[in-house]
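Chemist: I have a structure here, written as structure tokens, and I will follow up with some questions on it.
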Amino acid sequence: MKLLISDCHDPYFNLAAEEVLLKETTHDLIFLYSNNPCVVVGKHQITNKEINFPFVATHNIQIARRLSGGGAVYHDPGNLNFSVISTLESVETFQASAALEPLISFLGTQGIYPERSERNDLLVNGGKISGNASHVYKNRSLTHYTLLINSDLNILSQVLKGHPERFTDKSVASNRTRVTSLSIALPGTTPHQLQADFTTYFLSERKAILTDFAENGLKARIWHLAKEKYASIDWIFSYSPKYIYRNSLEWKGVLLPFSLTVERNCISRAIIESDIKIDEDIKLIFNSLLNRQFILNQFSEPLQYLNNSPLGRQLLAS
Numbered sequence: 023m024k025l026l027i028s029d030c031h032d033p034y035f036n037l038a039a040e041e042v043l044l045k046e047t048t049h050d051l052i053f054l055y056s057n058n059p060c061v062v063v064g065k066h067q068i069t070n071k072e073i074n075f076p077f078v079a080t081h082n083i084q085i086a087r088r089l090s091g092g093g094a095v096y097h098d099p100g101n102l103n104f105s106v107i108s109t110l111e112s113v114e115t116f117q118a119s120a121a122l123e124p125l126i127s128f129l130g131t132q133g134i135y136p137e138r139s140e141r142n143d144l145l146v147n148g149g150k151i152s153g154n155a156s157h158v159y160k161n162r163s164l165t166h167y168t169l170l171i172n173s174d175l176n177i178l179s180q181v182l183k184g185h186p187e188r189f190t191d192k193s194v195a196s197n198r199t200r201v202t203s204l205s206i207a208l209p210g211t212t213p214h215q216l217q218a219d220f221t222t223y224f225l226s227e228r229k230a231i232l233t234d235f236a237e238n239g240l241k242a243r244i245w246h247l248a249k250e251k252y253a254s255i256d257w258i259f260s261y262s263p264k265y266i267y268r269n270s271l272e273w274k275g276v277l278l279p280f281s282l283t284v285e286r287n288c289i290s291r292a293i294i295e296s297d298i299k300i301d302e303d304i305k306l307i308f309n310s311l312l313n314r315q316f317i318l319n320q321f322s323e324p325l326q327y328l329n330n331s332p333l334g335r336q337l338l339a340s
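Using the working numbering, you'd call the opening residue of the sequence shown number 23 and step up by one each time.
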């Protein structure tokens, strides 16, 4: 077992590192990292649906998509992320619950004995301190889990307040659960101290071997993947499954409900869902939306057509 600790806090780098370590190495590994403030959606989720975009934009929070499924999560420097990457005897033998054992054992050395939920979340006093997700590639598995230590729980709750009621889709839904911080059970605990204790535990008790990106010769490859895939609009937004977005628009004193059908983040259908006779101007605006990207945030390459139309300003303020 090897132990690798990232000194980079860029979420795109660390998510790319997980994929490269999974696919391009052969040894069993535990990978530790923490990210700058970001929201990370699951592989099969709709980014527009999961996130409170006005809040995310105001607080300069990055948006990312990970390789594994599951729901959206918030990361900040008060959260540690643990990735267990292993070689399987066969795909059928994979059990995500087994990958939690290193963290559970370590927490026991700190006097913390969490309960395990049916979803393999770890709970302390009924509050979630850790969630997990997995991905299997050939005969290799990745299971990563979070550990809330002293994250800003107020920001966490705001970031994930999207508008799911506006979406009709078959995407994976996030499971909203009451969360808590480990620092409540262990006053004074910091991510830096816990990471140091975890490192000591694994090197001494588990006989892990400390490694780094230079030893594996992977850093340039990871940065390339981070830029080309994980930080791209195509991966973050366009990978989303097909959905219908519904909202309403005030047009000349009349509230007009509308729907947009979105496929790979491209608007394929835009209609007004009203029996009221509408004028040609609004029809032209809706026709202009076809084959355009649909991104509900204002801080990543704002689309000109949204800025220059009443509908666009309405959508961006949603």
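Built from N, CA and C at the ideal position, the CB exists for glycine as well. Computed from a prediction, not measured in an experiment: that's the story for all the values here.
Cutting at 7 Å between CB atoms, please list the residues of its own chain near Ser18, excluding the five before and the five after it.
Modeler: Residue 18 is absent from the structure shown; the chain starts at 23 and stops at 340.
Chemist: According to DSSP, which residues form a beta bridge with Leu145?
Modeler: As a first step, residue 145 must be located in the sequence shown, where it is residue number 123. DSSP output for Leu145 lists Glu137 and Lys150 as bridge partner(s).
Chemist: Shortest alpha-carbon distance to Val113 belongs to which of Ser156, His81, Gly91 and Ile266?
Modeler: Position 91 of the sequence shown, counted from the start, is the residue given in the question as residue 113. For Val113, the nearest C-alpha among the options comes from Ser156.
Chemist: Using alpha carbons as the reference points, say which of Asp297, Lys299, Ser310 and Ile304 lies closest to Ser290.
Modeler: Reading the sequence shown from its first residue, position 268 is the one you call residue 290. Selected option, being the one with the closest Cα: Ser310.
Chemist: Answer yes or no: do Ser196 and Pro263 have a C-beta to C-beta separation smaller than 8 Å?
Modeler: The count along the sequence shown starts at 1 and reaches residue 196 at position 174. The count along the sequence shown starts at 1 and reaches residue 263 at position 241. No, the pair does not count as a contact, with Cβ atoms beyond the cut-off.
Chemist: Could you say if the segment 71 to 89 and the segment 249 to 268 meet the contact criterion of at least three C-beta pairs nearer than 8 Å?
Modeler: yes
Chemist: Given a threshold of 16 other Cβ atoms within 10 Å of its Cβ, counted over all protein chains shown, does Phe35 qualify as buried or as exposed?
Modeler: What you label residue 35 is simply residue 13 of the sequence shown in a count that begins at 1. That one is buried.
Chemist: Taking the alpha helix (DSSP H) that Arg243 belongs to, which residues open and close that run?
Modeler: Here residue 243 refers to the residue found at position 221 when the sequence shown is read from its first residue. Start and end: Lys241 to Leu247.
Chemist: Quick check: what's the CA-CA separation for Glu111 versus Ala230?
Modeler: By 1-based counting over the sequence shown, the position of residue 111 is 89. By 1-based counting over the sequence shown, the position of residue 230 is 208. Approximately 21 Å between the Cα atoms of the pair.
Chemist: What's the gap between the Cα of Asn161 and the Cα of Asn269?
Modeler: By 1-based counting over the sequence shown, the position of residue 161 is 139. By 1-based counting over the sequence shown, the position of residue 269 is 247. Going by the C-alpha atoms only, they are around 45 Å apart.
Chemist: Only counting runs of 3 or more residues, tell me where the beta strand (DSSP E) segments fall wholly within the segment 52 to 104, in order along the chain.
Modeler: 60 to 63, 84 to 87 and 95 to 97
Chemist: Using the C-alpha atoms, what's the distance from Leu208 back to His185?
Modeler: Working through the sequence shown from its first residue, we reach residue 185 at position 163. Working through the sequence shown from its first residue, we reach residue 208 at position 186. Between His185 and Leu208, the C-alpha separation is close to 35 Å.
Chemist: Put Val194 into one of helix, strand or coil per three-state DSSP.
Modeler: Residue numbering aside, residue 194 sits at position 172 when the sequence shown is read from its first letter. In this structure, Val194 counts as coil in the three-state DSSP scheme.
Chemist: Return helix, strand or coil for His395, following the three-state DSSP convention.
Modeler: The structure shown does not extend to residue 395, since the chain spans only 23 to 340, so no value can be given for it.
Chemist: Would you mind stating whether Phe316 and Val284 have Cβ atoms separated by less than 8 Å?
Modeler: Residue mapping note: residue 316 aligns to position 294 of the sequence shown, counting from 1. Residue mapping note: residue 284 aligns to position 262 of the sequence shown, counting from 1. Taking 8 Å as the Cβ cut-off, Phe316 and Val284 qualify as a contacting pair.
Chemist: Report buried or exposed for Tyr267, applying the criterion of at least 16 other Cβ atoms within 10 angstroms of its Cβ.
Modeler: On the sequence shown, position 245 is the one that residue 267 refers to. With 16 or more other Cβ atoms within 10 Å, it is buried.
Chemist: As a quick exercise: from Ser203, Gly239, Asn287 and Trp273, pick the residue whose alpha carbon is nearest that of Glu302.
Modeler: Within the sequence shown, numbered from 1, the residue matching residue 302 stands at position 280. Taking only the C-alpha atoms, the option nearest Glu302 is Trp273.
Chemist: Per DSSP, what are the beta-bridge partners of Lys24 in this structure?
Modeler: Stepping through the sequence shown from its first residue, residue 24 is reached at position 2. Beta-bridge pairing links Lys24 to Leu51 and Ile231.
Chemist: Kindly indicate which residue of Glu187, Leu169 and Leu278 has the alpha-carbon position closest to the one of Leu129.
Modeler: Indexing the sequence shown from 1 puts residue 129 at position 107. Comparing alpha-carbon positions, the option among Glu187, Leu169 and Leu278 lying closest to Leu129 turns out to be Leu169.
Chemist: Quick one, which of Leu51, Ile151, Ile300 and Ile298 has its alpha-carbon nearest Leu178's?
Modeler: The residue you call residue 178 lines up with position 156 of the sequence shown. Ranking Leu51, Ile151, Ile300 and Ile298 by Cα distance to Leu178 puts Ile151 first.
Chemist: Which residues mark the beginning and the end of the beta strand (DSSP E) in which Thr165 is found?
Modeler: Sequence index remark: in the sequence shown, residue 165 carries index 143 (1-based). Arg162 to Leu170 is the span of the beta strand (DSSP E), which, as asked, contains Thr165.
Chemist: Just to confirm, is the Cβ distance from Leu204 to Ile258 under 8 Å?
Modeler: To locate residue 204, count along the sequence shown from 1; it is residue 182. To locate residue 258, count along the sequence shown from 1; it is residue 236. In this structure, Ile258 does not lie closer than 8 Å to Leu204 by Cβ.
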